[in-house]
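Presented below is the structure to which this report refers.
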Amino acid sequence: MQADAHQLLDWTQRYWAIENGLHYRRDVTLHEDATRTTRTSVAKALSILNNFLIGLMHKLGFNNLASARRFFDARIAKQLFSDFY
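Under the working numbering, think of the first position of the sequence shown as 1281, with each following residue one higher.
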């Protein structure tokens, strides 16, 4: 099977769409790569929680995970430390 330039471009764009759309969110925004666990069960649980969080934020209408984190971080801090506000 031979691929032409347009097919190669399409395949490359699809690959990077996945990389930027999911892996970047998990690696950078959720700091998944910074986690240095040696236990497989912990890594699997973290991955499941991160996938759930990404799906939940998408369901709530957030297209930008970093923005969603800032939104909820501010509200949680306000609720926890309401006596200081």
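Glycine residues also receive a C-beta, built at the ideal position from the N, C-alpha and C atoms.
Task: Alpha-carbon spacing of HIS1338 relative to LYS1324, whole angstroms - done: Their Cα atoms are separated by approximately 21 Å.
TODO: Have a look at ASP1290 and LEU1302 and give me their C-alpha separation to the nearest angstrom.
DONE: Taking the Cα positions, ASP1290 is about 18 Å away from LEU1302.
- [ ] Taking ALA1346 as the reference, give the member of ILE1328, ARG1305, ALA1314, TYR1295 with the closest Cα.
- [x] Nearest option by C-alpha distance: ARG1305.
Task: Beta-carbon proximity list for PHE1351, same chain, < 8 Å, skipping 5 on both sides - done: Contacts found: PHE1342.
Open item on the list: Which residue wins for smallest C-alpha separation from ASN1312, given the options ARG1355, ALA1348, LEU1329, ARG1294?
Closed with: Looking at the sequence provided, one finds Glu at residue 1312 rather than Asn. Closest in alpha carbon position to GLU1312, among ARG1355, ALA1348, LEU1329, ARG1294, is LEU1329.
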